[in-house]
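Beneath this line is the structure, given in structure tokens, with notes to follow.
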Amino acid sequence: EAQVTQNPRYLITVTGKKLTVTCSQNMNHEYMSWYRQDPGLGLRQIYYSMNVEVTDKGDVPEGYKVSRKEKRNFPLILESPSPNQTSLYFCASSAGTGQPQHFGDGTRLSIL
Amino acid sequence: GEDVEQSLFLSVREGDSSVINCTYTDSSSTYLYWYKQEPGAGLQLLTYIFSNMDMKQDQRLTVLLNKKDKHLSLRIADTQTGDSAIYFCAETPTASKLTFGTGTRLQVTL
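Below, the structure written as structure tokens:
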């Protein structure tokens, strides 16, 4: 089954404790992206990657890092999480830029 | 700017048609999308329309695009309780970017 898989689905942690949210897709998609969803703000793009070893900032990259060492994986790293990063995070992938994006089920992060 | 605007809430009766509206700002968007989000779930791609089209129909869904007014709408015929969700429109101001509206919560009543 074609899917985008995120882990964990839920995480409660404390300020400053590094965390990684993994994202994996099994569709051999070139393009992958991370979004955060906040009430009243819709989804905002954090980072995206057009191919292996190619990553770029989206609209709200501050406080986040990503890497794309392999085509299928695109982890989101919070080196020193802060409470304003409490949000619902989505990973997405598509066959190429401009193509329809397929989303994971989301990761709800709470930073205390 | 790159604001995509939607009304926040729409309530319809089961069996009626729903029309969810969206205005976008970037006339260079190649594709415009509609996504559906059910509670606790991710975003499901419902349909999309290429910018050189005026209309696209897919079973109960009809998408209308007015490029002059930068207006996109999603019509759901014979709305069912299972259609209750948040609906997001999205534009593609660049090939690498998807800009979402704030979402319209559709409530279907019996």
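Respectively, the protein sequence lines represent chains A and B.
Read left to right, the first sequence gives residues 44 to 155 (our numbering).
Read left to right, the second sequence gives residues 808 to 917 (our numbering).
For every residue, glycine included, the Cβ atom is placed at its ideal position computed from N, Cα and C.
In DSSP terms, what residue i is bridged to
i	result
H145 of chain A	A:S136
V97 of chain A	A:N94
F117 of chain A	DSSP output for F117 of chain A lists no bridge partner at all.
V826 of chain B	B:R882
M860 of chain B	Partner(s): none; M860 of chain B has no beta bridge.
V76 of chain A	In the sequence as presented, Val is not what sits at residue 76 of chain A; that position holds Ser. DSSP lists A:Y91, A:A135 as partners of S76 of chain A.
Coil, strand or helix - residue i by DSSP
i	result
V915 of chain B	strand
Q866 of chain B	coil
G889 of chain B	helix
P126 of chain A	helix
G808 of chain B	Legend: pLDDT at G808 of chain B = 41, less than 50; position of this residue unreliable, no value from coordinates given.
G849 of chain B	coil
T909 of chain B	coil
R52 of chain A	coil
M70 of chain A	coil
Q46 of chain A	coil
D876 of chain B	coil
L871 of chain B	strand
G83 of chain A	coil
V57 of chain A	coil
L815 of chain B	coil
R820 of chain B	strand
A902 of chain B	coil
S836 of chain B	coil
Residue i vs residue j beta-carbon contact at 8 Å
i	j	result
G147 of chain A	Y74 of chain A	no
S123 of chain A	L152 of chain A	no
V109 of chain A	L121 of chain A	no
R912 of chain B	I893 of chain B	yes
R115 of chain A	Q68 of chain A	yes
F895 of chain B	Q851 of chain B	no
T909 of chain B	Q813 of chain B	yes
Rounded C-alpha distance that separates residue i from residue j
i	j	result
E821 of chain B	H878 of chain B	26 Å
S858 of chain B	F816 of chain B	26 Å
A902 of chain B	T837 of chain B	8 Å
T983 of chain B	L868 of chain B	This structure cannot speak to residue 983 of chain B, because chain B is shown only from 808 to 917.
V97 of chain A	V47 of chain A	19 Å
R52 of chain A	D810 of chain B	29 Å
C829 of chain B	I856 of chain B	13 Å
G849 of chain B	D861 of chain B	28 Å
F907 of chain B	K60 of chain A	30 Å
T886 of chain B	Q88 of chain A	31 Å
G808 of chain B	L54 of chain A	Annotation note: pLDDT 41 at G808 of chain B (below 50); position unreliable, no value reported.
S834 of chain B	N873 of chain B	11 Å
L155 of chain A	Q128 of chain A	10 Å
D823 of chain B	Y132 of chain A	34 Å
Q156 of chain A	L839 of chain B	This structure gives no information on residue 156 of chain A, because the portion of chain A shown stretches from 44 to 155.
S825 of chain B	V57 of chain A	43 Å
E44 of chain A	Y107 of chain A	30 Å
T65 of chain A	L853 of chain B	25 Å
Q144 of chain A	S136 of chain A	5 Å
T888 of chain B	Q866 of chain B	17 Å
Y78 of chain A	G85 of chain A	10 Å
>> To be precise: take each residue of the segment 80 to 94 of chain A, compare its Cβ to all Cβ atoms of chain B, and keep it if any distance is under 7 Å. Which residues remain?
In response: Those residues of the segment 80 to 94 of chain A that come within reach of chain B (Cβ to Cβ, closer than 7 Å) are G83, L84, G85, L86, Q88, Y91, M93.
>> Any C-beta of chain A within less than 7 Å: which residues of the segment 880 to 911 of chain B qualify?
In response: Hits within the stretch, in order: F895, T899, A902, S903, K904, L905, F907, G908, T909, G910.
> In chain order, what residues of the segment 827 to 849 of chain B put their CB closer than 7 Å to some CB of chain A?
Replying inline: Of all residues in the segment 827 to 849 of chain B, only T837, Y838, Y840, A848, G849 come within less than 7 Å of chain A when Cβ atoms are compared, listed by chain position.
>> So if I threshold CB-CB distances at 9 Å, which residues from the segment 851 to 876 of chain B count as touching chain A?
In response: Taking 9 Å as the Cβ-Cβ cut-off against chain A, the residues of the segment 851 to 876 of chain B that qualify are Q851, L852, Y855.
> Using a Cβ cut-off of 7 Å, which residues of the segment 137 to 152 of chain A contact any Cβ in chain B, in chain order?
Replying inline: The segment 137 to 152 of chain A vs chain B, Cβ under 7 Å: T140, G141, P143, Q144, H145, F146, G147, D148, G149.
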